Amino acid sequence: MTVAPVLRPKVPRNLRLTAAAALVILVVYAGGAWLWPWSPKRGLGLAFGFAAALAFVVEMLYPARRPRARPFGTARAWLQAHVYLGVLAFLAVLVHAGLSWPRGAMGFWLLALSAWTTTSGLVGVWLQKSIPRAMADGLQVEALYERIPQLAAELVGEADALVADASDVLERFYREEVRDRIATLQPSWAYVLDVRAGRERALEPFRRMVTFVSAEEKGKVEDLASLLTEKLELEAQLRLQGVLRRWLWLHVPPAGLLIGLVVVHVFAWVWY
Amino acid sequence: MTAPPDLAQLRERYEQRLRLMVPAEMELLTGLSLFAGIPEKAREKVIEKVRKYIHLCTYSRGEVILREGDYGDSAYYVVAGTVEVVLGRPGEPDRPPAPRVRGGAHRVRPTDRAGARPGAERMIGRGGGTDTVVLSAFPAEVAPGGRALLEAGEIFGEISALSRYPISATVRAASPLKLLQIRLPGLRMLQASSKEFKKFLDTRYRERTLARHLKSVSLFEDVAAAVIESVREKAELVAFEPGQIVAEEGKPADAFYLVRGGYLKVSVTAGTADLAVTYLRTGDFAGEASLVLDDEPWPFTLQALEHVELVKLARDDFRKILAAHPKVEEKLWQSMVARLKLRGAAARHPVSSEYLQMAMDTGLIHGESVLLIDLATCTRCDDCVRGCADAHAGEPRFIREGQRYRNWLVPTACYQCTDPVCMMDCPTGAITRAVGTLEVQINPATCIGCSNCAKRCPWGNIVMVEQEERRPDGKHVELASKCDLCFGRPEGPACVQMCPHGSAQRISFKDMERVVETLR
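The listed protein sequences correspond, in order, to chains A and B.
Using the working numbering, read the first sequence as starting at 18 and increasing by one per residue.
Using the working numbering, read the second sequence as starting at 3 and increasing by one per residue.
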């Protein structure tokens, strides 16, 4: 069976190790719950709570991977540890709570934030695997995120120069139907689903136009179509790179909040 | 600690460099024996043509003209004075201890260096693991560690310039000195316009260097001196320009070629396509089939990718030598089998041939350590660039932009070329590479910001970076900056280490197996 590249783990060994560790956690939980009444406040339940808290602290160290932490492995190893340990930490939280919905607001928020942070992290993993592949397979243009507006502006300049001495028909077509499309960056969300979304429809007028211009100007129409294609690809790059950057907003602030609540939770347990 | 640069000395060297921008005087040149071989009628015209590449330089006693390990782009003709040639020998008693930093070149042996890549010592030139590639245009009688004096009328440095070998000796002025510096284009022009001059250079190469060149080639490394001598006598020295066909597939094979300098493409015809099998560079050879098989046509086409210099041996001559030395024939058979395997592999895996062709077309073939980014896994987070900046005091040495091949991006990071052309023409010797290492480095303490290297780099991988310091005219000082593979960083290049997705890789396009494995 062939697994889609997006679903394929980068380091299969880490997935196997995590699966084995998860199995061990569940077996320990099943054994413990069978032998004794399960409580998050003592015994194995408490141990899993501590393990989860410790794992969260280690997870929090991920942003410290550079530059001082460089002797401790590659950034790739850090990310792998971050992802797989995060999944195990969430499992430890679930087991800590006895695989049941906790009572009380603190328990609710801790579990909800753990679930959100883990899920958003996994969504991030999926985005980080699927978007680059879609961009590499579907787009010819590659651009630095910060430079995209500048590159798009350059395209307008090129297009203007191209039609500077064109016939009235082509000049009007450019002015009325093309220029604004090249000049304005409209990074549609549809690019997330299909990196070439809307391209055929956007290029349709050019196919029509080719039949109305002289043989000499056909080349110019094709060049204009190329410029628009390039601009559409820049838009797709802008949207997709934007998604790759901004999904962290769904992950990092809740993770910070979670860490804060964990500290309060541990402090409360020690104090009371 | 690195000693601060002597600014006065640097300024003097820079000014000397500026003087080199002025071509030598016509009157001076016409009287020199160097041009005597040019037919009298054409002499003045030829000199006028090449004059822009010839400069008169003066050196004070003790001043260094060429340094061992650097790459030269010029030959030097001694007009007046005496030149001292010193052939280095590591660890010799009268040699001052090697400083930690010498003109920017960290002299740590590649194998001693933390994080050294295995086999790094064999990765440039044809050093065979020795400290220096001993091939030079200096008198052959100078043994390693020895000294020789060159007087007026002598020429030196031409082999390094023509064949792109690192200079194998340090040359100093033994007295107040006047030299004509003949830049590479001028050297080639003179070769083309004066049979005498070409003959002169060829004779010198044959007498002083060819024997050592032959000994450095695996085919001849164990053979007796008599064989080398026979080959040396019968060899013909030939040159080809880019695109020229040296040998054509299917045509009678009548010669054996040894590459003196430059790159050649080896290709076979598969249907209507031209399939690149491999490439040849300095020290490689071709044509062994013609020597061991009767009436065997060329099994491939040999095409010059740039200006190439070859040593040609006629089949009949070589066969006579082979008859007396079966060991050489045995090696030829081995080599032929290896070449046939390569040909078979290229036919079976056309993708390898495609990558090779791409590497030759784009110049990546020159790279010893090319940064590649897999766009199918790269999340464009720029951690590679940030890692690079962190490793270089906040100033990144590349940007994540460049040419794209399939799903791979080749950013504008130095390829660490086998023959770093940026090294030539550096007036202060600020660009260096310790022989046997990959890292071509620029020493900011001795860089004067002339931008020669940035202009020279064919791939645009050297940039001039504005510094806070200002020149007397108020303009900001600009210094050359390029990737140095994070030299001295035990974890290796930061761009690779800091990529969270393993998308950034460093590969040598000479290792086609790895290239195919990586790019597929």
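Ideal placement from N, C-alpha and C gives every residue a C-beta, glycine not left out.
Quick caveat: nothing in here was measured; it's all calculated off a predicted structure.
Can you tell which of the options has its C-alpha closest to the C-alpha of residue i?
i, options, result
"residue 225 of chain A", "A:178, A:186 and A:22", "A:186"
"residue 253 of chain B", "B:300, B:493, B:63 and B:403", "B:300"
"residue 153 of chain B", "B:464, B:87 and B:169", "B:87"
"residue 411 of chain B", "B:75, B:521, B:256 and B:173", "B:521"
"residue 467 of chain B", "B:480, B:459, B:42 and B:175", "B:480"
"residue 401 of chain B", "B:28, B:374, B:414 and B:488", "B:414"
"residue 283 of chain B", "B:249, B:211 and B:367", "B:367"
"residue 231 of chain B", "B:201, B:420 and B:214", "B:214"
"residue 303 of chain B", "B:207, B:278 and B:324", "B:278"
"residue 187 of chain B", "B:43, B:164 and B:40", "B:164"
"residue 220 of chain A", "A:190, A:79, A:285 and A:52", "A:190"
"residue 243 of chain B", "B:425, B:485, B:308 and B:82", "B:308"
"residue 146 of chain A", "A:274, A:289 and A:258", "A:258"
"residue 239 of chain B", "B:451, B:509 and B:200", "B:200"
"residue 160 of chain B", "B:177, B:182 and B:178", "B:182"
"residue 263 of chain B", "B:430, B:207, B:381 and B:490", "B:207"
"residue 271 of chain B", "B:345, B:149 and B:25", "B:345"
"residue 428 of chain B", "B:406, B:398, B:459 and B:417", "B:459"
"residue 373 of chain B", "B:417, B:364 and B:408", "B:417"
"residue 229 of chain B", "B:329, B:257 and B:171", "B:329"
"residue 203 of chain A", "A:275, A:254 and A:262", "A:254"
Tell me, please, which residues DSSP counts as bridged to residue i.
i, result
"residue 86 of chain B", "B:151 and B:174"
"residue 157 of chain B", "B:79"
"residue 263 of chain B", "B:311"
"residue 336 of chain B", "Answer is none; residue 336 of chain B lacks a bridge partner."
"residue 168 of chain B", "B:73"
"residue 289 of chain A", "None, per the DSSP bridge assignment."
"residue 287 of chain B", "B:260"
"residue 56 of chain B", "B:184"
"residue 227 of chain A", "Answer is none; residue 227 of chain A lacks a bridge partner."
"residue 265 of chain A", "DSSP output for residue 265 of chain A lists no bridge partner at all."
"residue 282 of chain B", "B:266"
Output, in chain order, the set of chain E residues within a Cβ distance shorter than 8 Å of residue i.
i, result
"residue 377 of chain B", "The structure shown contains no chain E; its protein chains are A and B."
For residue i, does the three-state DSSP call read helix, strand or coil?
i, result
"residue 508 of chain B", "strand"
"residue 397 of chain B", "coil"
"residue 40 of chain B", "coil"
"residue 197 of chain B", "helix"
"residue 70 of chain A", "helix"
"residue 487 of chain B", "coil"
"residue 183 of chain B", "strand"
"residue 73 of chain B", "strand"
"residue 61 of chain B", "strand"
"residue 444 of chain B", "strand"
"residue 495 of chain B", "coil"
"residue 173 of chain A", "helix"
"residue 305 of chain B", "strand"
"residue 299 of chain B", "strand"
"residue 546 of chain B", "Residue 546 of chain B lies beyond the stretch modelled for chain B, which goes from 3 to 522, so this question has no answer here."
"residue 212 of chain B", "helix"
"residue 66 of chain B", "strand"
"residue 205 of chain B", "helix"
"residue 433 of chain B", "strand"
"residue 134 of chain B", "Its pLDDT being 31, under 50, residue 134 of chain B is placed unreliably by the model, and nothing is read from it."
"residue 159 of chain A", "coil"
- Message: Residues of the stretch 389-422 of chain B in Cβ contact with chain A at a cutoff of 8 Å, in chain order, please.
- Response: 389, 392, 393, 401, 402, 403, 406, 409 and 411
- Task: Report the residues of the stretch 160-176 of chain A with a CB closer than 9 Å to any CB of chain B, ordered along the chain.
- Result: 160, 161, 162 and 164
- Message: Please identify, using Cβ separations under 7 Å, the residues of the stretch 343-373 of chain B that lie next to chain A, in order along the chain.
- Response: none
- Task: Residues of the stretch 247-265 of chain A with a CB closer than 7 Å to any CB of chain B: list them in chain order, please.
- Result: 258 and 261
- Query: Which whole runs of the alpha helix (DSSP H) in the stretch 453-484 of chain B are 4 residues long or more, in chain order?
  - Reply: 454-458
- Query: Curious, which full-length alpha helix (DSSP H) runs of at least 4 residues does the stretch 353-420 of chain B contain?
  - Reply: 385-393
- Task: Determine which residues of the stretch 25-45 of chain A have a Cβ less than 7 Å from any Cβ of chain B, and write them out in chain order.
- Result: 27
- Task: Just list the alpha helix (DSSP H) runs in the stretch 183-215 of chain A, keeping only unbroken ones of 4 residues or longer that don't cross its boundaries, in chain order.
- Result: 185-190, 196-200 and 207-210
- Item | Within the stretch 72-147 of chain A, ranges of the alpha helix (DSSP H) (whole runs, at least 4 residues) | 92-113
- Task: Tell me the start and end of each unbroken beta strand (DSSP E) in the stretch 221-277 of chain B that is at least 3 residues and wholly inside, in chain order.
- Result: 238-242, 247-249, 257-263 and 266-272
- Task: Would you list, in chain order, the members of the stretch 194-207 of chain A that have their beta-carbon closer than 7 Å to a beta-carbon of chain B?
- Result: none
- Between the stretch 495-521 of chain B and chain A, which residues of the former have CB atoms less than 7 Å from a CB of the latter, in chain order? 499, 500, 501, 502, 503 and 504
- Message: Residues of the stretch 476-490 of chain B in Cβ contact with chain A at a cutoff of 7 Å, in chain order, please.
- Response: none
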